[in-house]
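> Handing you a structure now.
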Amino acid sequence: MLLEALIACAGVSMRAAAAVLEIPIKSAQISAEGDVDLRGTLGVTEGVPVGFKEIACGSTSRPTAPQNQLDQLLELTDRYCVIFQTIQNSPKTTVKLHRAGR
């Protein structure tokens, strides 16, 4: 689910950045892959961490723009992708349980 959210957010961010930079993109394919040891997630091996060790995101497209504009497109996509920035900056998180009324 995290990788799907990353792909969706990166796609929206790329489209928005391309519009600002006036780079026409007829189609693009965004992909993400992650390295996770499911023994930790499933709780079958003590000491194995839960979560991704590494995540890689990339895109394939056929824009007709010079390389400097594509570099700027990538920079803006990274900067404004909320999911990517959240992963990069590890926000403080809390978990709470609220008892429902009867």
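According to our numbering, the sequence shown is numbered sequentially starting from 21. Ideal placement from N, C-alpha and C gives every residue a C-beta, glycine not left out. Computed from a predicted model, the values in this text were never measured in an experiment.
Let me know the secondary structure DSSP gives D98 once reduced to three states.
Residue mapping note: residue 98 aligns to position 78 of the sequence shown, counting from 1. Residue state, collapsed to three classes: helix.
> Using a threshold of 7 Å, is the CB atom of P44 nearer than that to any non-hydrogen atom of the ligand NAP?
Of the ligands one can find in the structure shown there are none, so the ligand NAP has no counterpart to examine.
> Would V120 be called buried (16 or more neighbouring beta carbons within 10 Å of its own) or exposed?
In the sequence shown, residue 120 corresponds to position 100, counting from 1. The residue you asked about is not Val; residue 120 is Ala in the sequence shown. Exposed.
> Assign T61 to one of two classes, buried (16 or more other C-beta atoms within 10 Å of its C-beta) or exposed (fewer than that).
The sequence position of residue 61 within the sequence shown is 41, counting from 1. So T61 ends up on the exposed side.
> Judging by CA-CA distance, which residue of F104, L90, I27 is the nearest neighbour of E42?
Taking the sequence shown and counting its residues from 1, one reaches residue 42 at position 22. Checked all of F104, L90, I27; the closest Cα to E42 is L90.
> I'd like the list of long-range same chain contacts for A85, defined as Cβ closer than 7 Å, with 5 residues on each side in sequence excluded.
Locating residue 85 in the sequence shown gives position 65, counting from the first residue. Contacts found: I43.
> Grab me the residues of L23's own chain with a C-beta within less than 8 Å of its C-beta, minus the 5 sequence neighbours each way, in chain order.
Within the sequence shown, the letter at position 3 stands for residue 23. Cβ neighbours of L23 beyond the five flanking positions: A52, E53, G54, I75.
> Based on Cα-Cα distance, which residue from G63, F104, L93 lies nearest to P77?
For the purposes of this step, residue 77 is taken as residue 57 along the sequence shown, with counting starting at 1. First, the residue type needs correcting, since residue 77 is Cys and not Pro in the sequence shown. Ranking the options by Cα distance to C77, first place goes to F104.
> Look at the alpha carbon of Q49 and the alpha carbon of N109, and state the distance between them as a whole number of angstroms.
Working through the sequence shown from its first residue, we reach residue 49 at position 29. Working through the sequence shown from its first residue, we reach residue 109 at position 89. Spanning the two alpha carbons is a distance of roughly 25 Å.
> Could you tell me the distance, in whole angstroms, from the CA atom of Q92 to the CA atom of V64?
If you number the sequence shown from 1, residue 92 lands on position 72. If you number the sequence shown from 1, residue 64 lands on position 44. Cα to Cα, the separation comes out at about 44 Å.
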